[in-house]
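Residues in the sequence shown are numbered from 1 upward in steps of one, following UniProt numbering.
In what follows, a single structure is set out as structure tokens and then discussed.
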Amino acid sequence: MKEIRSGVYWISLGVVNAYVLSQSKEQWYLVDSGFSSHAKKIIHKVSRIFSNQPLGILLTHGHLDHSGAASDLADYWEVPVYAHSSEVPFLNGELRYPDPDPTVGGFLAFMMRFMENRTVQMGSRLKALPPSGEIPHMTEWQWISTPGHTHGHISFFRKKDATLIGGDALATMNTDSFRDTLIKRRGIYRPGTPITINWDAAQYSVRQLARLRPTALACGHGVPLIDTHLPYHLCYFARSFPIPKRGRYVIRPIRMKY
């Protein structure tokens, strides 16, 4: 676990990341939770710095590589799990996420052929975040609606030092490439192609994030980027956002009121 900005810790879990946002050693949140197999690893890592349980678990969205360990961790710490209200039906078993699109091409699309699209059951600890953008008991941070990858995807931003937790609104490694995924080649890339269900919304979300002019970008996949020139790189990426040339959700995006 590495502190990448004051009170912001990066937990590398292989191909996916989790983060800790803290205002003090007593007030902190876990952001995302990796797969279900990552629960013990996360507990071990955070216990080196924090002796108390978190205020809760914040989910950027509910895909299993981000929410898989959330229920077990919430039960262990006896804390709530927070997500956007549009994401709640996909986390309580009411709805199932759309199937991945293998026709879009790339390494991740190939790998998704072998992964089961399971329904998520988060249980009674699941709560919707306040619609105001506030995070309970965390005055420095706000959540921002960034749909496209999923209906209820959100990102987190701290204005005082322009720190952005992007989730899967975008990525800092190219998951379409096996080699780039293996070595975690740094850069700014589009979200996972086979499971992004609305590319127009995804493009709009990235443009909204670029307007924040972050100097630190920490995403669900890839090594966090910290660079004073990052606002310019992100603005360029947002202007030239690379929507895939083919794919089910390119032709027929899944739309929802946000």
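Just so it is clear, CB atoms sit at the ideal spot from N, CA and C, and this is done for glycine as well.
All values derive from a computational prediction rather than experimental measurement.
Item	Value
Complete runs of the beta strand (DSSP E) confined to the stretch 52-132 [at least 3 residues]	56-58, 81-83, 126-128
8 Å contact criterion, which G68 and H38 should meet: CB distance rounded	7 Å
Nearest-angstrom beta carbon gap, H151 and D168 [assumed within contact, 8 Å]	About 13 Å; that fails the 8 Å criterion.
Neighbourhood of residue 328 by C-beta distance below 6 Å, restricted to the same chain and skipping five residues each side	In the structure as shown, the chain begins at 1 and stops at 258. Residue 328 is therefore absent and cannot be evaluated.
Beta-carbon proximity check, T175 vs L108, cutoff 8 Å	yes
Bounding residues of the alpha helix (DSSP H) (the contiguous stretch that carries L234)	230-239
Spatial neighbours of Q142 in its chain, beta-carbon cut-off 6 Å, leaving aside the 5 residues before and after	G133, F157
F178 (DSSP reduced to helix, strand or coil)	helix
Local conformation of T193 per DSSP, three classes	helix
Given Y249 as reference, the closest of P100, W28, P242, V16 once Cα atoms are compared	P100
Y97 CB to nearest heavy atom of the ligand HEM below 7 Å	The ligand HEM is not part of the structure shown, which contains no ligands of any sort.
Cβ-Cβ distance between G34 and Q23 below 8 Å	no
DSSP three-state assignment for V46, whether helix, strand or coil	helix
Beta carbon of T163 nearer than 8 Å to that of R5	yes
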